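198 is the number that UniProt numbering gives to position 198 of the sequence shown; each next residue is one higher, with no gaps.
In this text, a Cβ means the ideal position worked out from N, Cα and C, and glycines have one as well.
These numbers were taken from a predicted model, which means no experiment stands behind them.
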Amino acid sequence: MTTHVQSKLKTGGLGDAFSSNHHDDGEIEGDVNHRIQAGWMKWRKASGVLCDAKVPIKLKGKFYRTAVRPAILYGTECWAVKSQHENKVGVAEMRMLRWMCGKTRQDKIRNEAIRERVGVAPIVEKMVEIRLRWFGHVERRPVDSVVRRVDQMERRQTIRGRGRPKKTIREVIKKDLEINGLDRSMVLDRTLWRKLIHVADPT
């Protein structure tokens, strides 16, 4: 059973939900770079439209939200991220949004103002949303489900591990819950949970 589960995790069959491979800073750094590159690929394919001053800025924002951002966020629910990883993703997003507005950092326009123009919430906040959405999905699964068993395996590995402890996705989620004033018991109401964790884009 353990071998089967580990195989599923490595191939992404369970969304890499609790894979210990993602606890390593080097591994996460590679994932972060890969997702940013995927986002830029989507962005560049539509750069003719996104950089066209004649195209309404809100329409550009809609394209970004539906095509570019999902490419960056794919699989991030399982990242045991640190601040440097979040900063890297956030910087990449702001560069895209500024270029969509025909602006650069030298124009000294605040990030919040740029976001209001294009109607895009901070990608780091969206990362928290999808992380908590996945957490809710896992918590609502039966205790004997494969995903829950993987969760339990990770907890045991964390307790029994030796050497310098590595940051885990559980620690990241615990912080997410604390910052947002949420309790894990709230996940049982799926509709309420989705409402509580939702991060709205500016209108």
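Asked                                                                                                       : Found
Measure the alpha-carbon distance for N87 versus G119 and round it to whole angstroms.                      : 20 Å
Is the beta carbon of I197 less than 8 Å from the beta carbon of L132?                                      : yes
Among V199, R194, T168, which one has its Cα closest to the Cα of I28?                                      : T168
Does DSSP classify Y64 as helix, strand or coil?                                                            : helix
Give the range of the alpha helix (DSSP H) segment to which K108 is assigned.                               : Counting along the chain, K108 falls outside any alpha helix (DSSP H), and DSSP gives it neither H nor E.
Report the three-state DSSP secondary structure of P202 (helix, strand or coil).                            : coil
Should D107 go down as buried or exposed, given a rule of 16 or more other Cβ atoms within 10 Å for buried? : exposed
Going by alpha carbons, who is nearest to P202 out of V68, R117, A92, K166?                                 : R117
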